[in-house]
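Heads up: the structure comes next, in structure tokens.
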Amino acid sequence: MNLTGIHFLMSYQCTHQCDHCFVWSSPRAGGTLPLERLTKVLDQAQELGTVRSIYFEGGEPFLFYPVLLEGIRQAKARGFETGVVTNCYWATEETDAALWLEPLRELEVGNVSLSSDTFHAGEVVDPRPGFAAEAAQRLGLDEFVITIDPPTVCTSHDGKGEPIVSGSVRFRGRAAVELVSDLPRRPWTEFNECPDEDFVDPGRVHVDGYGNVHLCQGLLLGNVEQVTLRELIGRYDPHTHPIIGPLIKGGPAELVRRYDIPHEDGYVDACHLCYQSRLALRKNFADELGPDQVYGQNERQTEC
Ligand code: SF4
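Everything in the sequence shown is counted per numbering that gives the first Met the number 0, starting at 0 for the first residue and increasing by one.
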């Protein structure tokens, strides 16, 4: 495994509770990353020698602003490229937004990604991402606005003319529960590959506040409180991993076949089938599938 990127989930806590959230973030969620653990992971990432970039995400990382700044400072000091993803809840006016962003400019953060979509704002037009973008541009920060299109139903162009779902949502986490009810489904047997992850040679992982190292949200490589990143990578064998092995062989449909998982006839996309299958397997694979937070099973986990 040639690991080049680490994305910190600074917390599962967020100001919002979006329907499309992969990790069930909400104002009540816990799992906040302590600075000591963050520093330990940065040290281990530096020791690996392959990691180039560190991203700070969540949940909402600006809720933990001093730790976020210190994390960026420590990552820069180790020579990593850095980036931040935020929902801009703090950007109440452009002038005020600049006050929040100025320390990031001083730290020479590499990229600031700003979420702006109806999932975050609801039906009203939220001006805050715009304020944040204007302030970031004024400060000379490299900003990027992320927009997730809500799912829409259209007709397939493969000659069958079947209803299919378009949009950029992947149906895992809360999206696999909250957004699927009125959407067309395809037979579960069609989901023969994972659309997003290269499990044979993963290039980036997410590390959450509990120390879990995720290959996809809720699909774990291990925990840095028990084993170092170097050891986790060294012992990683994707083909013998009980969840990743089947995913490589035949996608989420192979998970269903391998473990004889009770299932419905159809699912909205591969992630929908994968998420529901993994949910059913959690009791058998507690070390590989977690934490509860990512499966919407315990939004009130004890803070670290
Ligand atoms: S199919 Fe499963 S492993 Fe692949 S991206 Fe979707 S949820 Fe993740």
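Every residue, glycine too, gets a C-beta built ideally from N, C-alpha and C.
All values derive from a computational prediction rather than experimental measurement.
N- and C-terminal bounds of the alpha helix (DSSP H) containing residue i
{"i": "V40", "result": "34-47"}
{"i": "E253", "result": "243-258"}
{"i": "G129", "result": "127-138"}
{"i": "S276", "result": "269-280"}
Residues near residue i by beta carbon distance below 8 Å, same chain, minus five either side
{"i": "W23", "result": "Y11, G172, R173, Q292, V293, Y294, G295, E298"}
{"i": "I260", "result": "L254, S276, A279, L280"}
{"i": "A74", "result": "L41, I53, T81"}
{"i": "G249", "result": "N191, E192, R256"}
Beta strand (DSSP E) segment containing residue i, residue limits
{"i": "G109", "result": "Counting along the chain, G109 falls outside any beta strand (DSSP E), and DSSP gives it neither H nor E."}
{"i": "E177", "result": "Here E177 belongs to no beta strand (DSSP E); instead the alpha helix (DSSP H) covers 174-177."}
{"i": "L288", "result": "That residue, L288, is in no beta strand (DSSP E); it is neither H nor E in DSSP."}
{"i": "L8", "result": "4-8"}
{"i": "N263", "result": "The residue asked about is misnamed: residue 263 is Glu in this sequence, not Asn. Premise fails: E263 is in no beta strand (DSSP E) and is neither H nor E."}
{"i": "I147", "result": "Premise fails: I147 is in no beta strand (DSSP E) and is neither H nor E."}
Proximal residues to residue i (C-beta, below 7 Å), its chain only, five neighbours per side dropped
{"i": "E92", "result": "F130"}
{"i": "E302", "result": "Confidence at E302 is low in this model, with a pLDDT of 44, below 50, so its placement is unreliable and the value that follows should be read with caution. Cβ within range, chain order: G29, T31."}
{"i": "L138", "result": "A97, L100, E101, R104"}
{"i": "H238", "result": "G244, I247"}
Cβ neighbours of residue i in the same chain (closer than 6 Å, five flanking residues each side left out)
{"i": "G82", "result": "Y54, G109, N110"}
{"i": "P186", "result": "G265"}
Residue i classed as buried or exposed, judged by whether at least 16 other C-beta atoms fall within 10 angstroms
{"i": "F143", "result": "exposed"}
{"i": "G217", "result": "buried"}
{"i": "E59", "result": "buried"}
{"i": "E287", "result": "buried"}
{"i": "V40", "result": "buried"}
{"i": "G210", "result": "buried"}
{"i": "S25", "result": "buried"}
{"i": "P65", "result": "exposed"}
{"i": "P128", "result": "buried"}
{"i": "T94", "result": "exposed"}
{"i": "R234", "result": "exposed"}
{"i": "S180", "result": "exposed"}
CB contact check: residue i to chain B, cutoff 8 Å
{"i": "V168", "result": "Absent from the structure: chain B. Only one protein chain is present."}
message = Please give me, in chain order, every unbroken run of the alpha helix (DSSP H) with length at least 4 that falls completely inside the region 55-96.
response = Listed in chain order, the complete alpha helix (DSSP H) runs (minimum 4 residues) inside the region 55-96 are 64-76.
key: Within the region 181-228, ranges of the alpha helix (DSSP H) (whole runs, at least 4 residues)   = Runs of the alpha helix (DSSP H) inside the region 181-228: none found.
request  = Determine contact between the region 273-293 and the region 28-35, defined as no fewer than three beta-carbon pairs at a distance below 8 Å.
outcome  = Cβ pair count under 8 Å is three or more, so yes.
request  = Pair every Cβ in the region 220-232 with every Cβ in the region 41-48, then say whether three or more of these pairs are closer than 8 Å.
outcome  = Result yes; three or more Cβ-Cβ pairs closer than 8 Å.
inquiry  = Closer than 8 Å is the cut-off here; do at least three beta carbon pairs connect the region 265-275 with the region 198-207?
reply    = Verdict: no, contact absent.
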